[in-house]
Every structure is written in C-alpha cells, then in structure tokens.
Amino acid sequence: MKRAVSILLLLVFLFNVGGYYIVFWGLRAHADQALTEKLDAGLYAEAETVELKIPVTLPYPLQQRGYERVDGKFEYKGEHYKLVKQKHAHDTLYVICIRDSQQKKLVKTMNEYAKMTNDLPSSTDNTLHLFGKFLKDFEPVATAALLHQQGWSKELPLTLKIFFLPHHSNVIPSPPPEA
Numbered sequence: 002m003k004r005a006v007s008i009l010l011l012l013v014f015l016f017n018v019g020g021y022y023i024v025f026w027g028l029r030a031h032a033d034q035a036l037t038e039k040l041d042a043g044l045y046a047e048a049e050t051v052e053l054k055i056p057v058t059l060p061y062p063l064q065q066r067g068y069e070r071v072d073g074k075f076e077y078k079g080e081h082y083k084l085v086k087q088k089h090a091h092d093t094l095y096v097i098c099i100r101d102s103q104q105k106k107l108v109k110t111m112n113e114y115a116k117m118t119n120d121l122p123s124s125t126d127n128t129l130h131l132f133g134k135f136l137k138d139f140e141p142v143a144t145a146a147l148l149h150q151q152g153w154s155k156e157l158p159l160t161l162k163i164f165f166l167p168h169h170s171n172v173i174p175s176p177p178p179e180a
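Heads up: the sequence shown runs through residues 2 to 180, numbered per the working numbering.
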C-alpha cells in the first residue's frame, strides 16, 4: 500500500515538474496530424481560408498552372495558421492558409496551466504591482531641493557623475596657406 501511494505521489510530482509539457506536446502533435489529414482530403470550406500574396523577384519567369499542396505553419499576432497550398504566378507567390483554432486553444491552455502551477501572476498588471512592492523596500529615497539659480534639482544617489569640459578652439584671422 505504501509503495503504491509513493509511486502515485512521485508520478504527480514528475507531472508537475515538466510532464504537463509532454502531454501538451502530444496533444498538439495529434491536433496537427488531424488537421493535416483534413487538409489533404480537402475537407475544408474555402471561406475558412486566407490568401497571402507575397512579391517574389526571380531571375527567370516561373508559371504554375494551379496550386500545389504544401505543409507548414506559422503564428501571426497570436493567431496560428496552417499552410494549405501555394502557386507562383508572374512575380507573386500566392499562399493559401487556414486558421488553426485548435492549436491556439492548446497553446493558451498550456500557458495558463504553467502560470497556475508555477504561481506566476496571470496578468502583467499584477506582475508590475508585485515588482513595485519589492523595489519600494530597497530603493533609497531621493530628496528634491529648490536651488535659486537653476530651479528644481534632484540628487540621485549611487550614480556616476560625468563632467564635460568645453572644447576650446582658437580662431586664426589669416587665410589658409596656398598649396
């Protein structure tokens, strides 16, 4: 009985250390394979696709009669896309791609789970507020003083003061020598 409980607790520990990443990696691979099979079979609506036109300069003319199936993926502004097909026409590469909503959901779920298990703040406002509390305790208080001639001045402790000497140049009233 003790051995079974120990093994169970060890498995839970290993899952929390990094096993969740392996599980999500497997889920992403499965979702990617399912979408690839769907695209290979042509089981998608044309309304779901996005067409990209990319100008391409080639030293020779290239014409393709139709689209050819390609495989690839990319992320743009938080959206995940899967490449469907492409063709070259004159000086333009036409790429047809489709949004991969399953991939986006899996990545979002993995990020939320990682934040939750590692006790990370879920938003940047909370992060900045937390860092502000830490910095307030260790930051020395600087005083501001009113100087009569220069206005307000603030002394910054622990900073390097750099003094600049003006560069003097002598004016010679004669014309330059002739060569």
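C-beta atoms are modelled at their ideal positions from N, C-alpha and C, and glycine is treated no differently.
Residue i to residue j, Cα distance in whole Å?
| i | j | result |
| --- | --- | --- |
| H91 | F14 | 58 Å |
| L11 | C98 | 43 Å |
| T144 | F75 | Its pLDDT being 48, under 50, T144 is placed unreliably in this model, and the value from its coordinates should be taken loosely. Straight-line Cα distance between these residues: approximately 52 Å. |
| L59 | K88 | 14 Å |
| G73 | H81 | 11 Å |
| L1 | N112 | Here the chain covers residues 2 to 180 and nothing more, so residue 1 does not appear. |
Please state whether DSSP places residue i in a helix, a strand or coil.
| i | result |
| --- | --- |
| Q103 | helix |
| L28 | helix |
| V172 | coil |
| Y82 | strand |
| R4 | helix |
| V57 | coil |
Closer than 8 Å by C-beta to residue i: which residues in its own chain qualify, once you throw out the five before and the five after it? Chain order, please.
| i | result |
| --- | --- |
| I173 | none |
| D41 | R70 |
For residue i, count neighbouring Cβ atoms within 10 angstroms of its own Cβ and tell me buried if that reaches 16, exposed if not.
| i | result |
| --- | --- |
| V6 | exposed |
| L63 | exposed |
Could you name the residues of the same chain whose beta carbon sits closer than 6 Å to that of residue i, not counting the 5 residues immediately before and after it, in chain order?
| i | result |
| --- | --- |
| Q151 | Residue placement at Q151 is poorly supported in this model, since its pLDDT is 47, which falls under 50; the coordinates still yield a value, given next. Same-chain partners within the cutoff: there are none. |
| L84 | V71, G73 and C98 |
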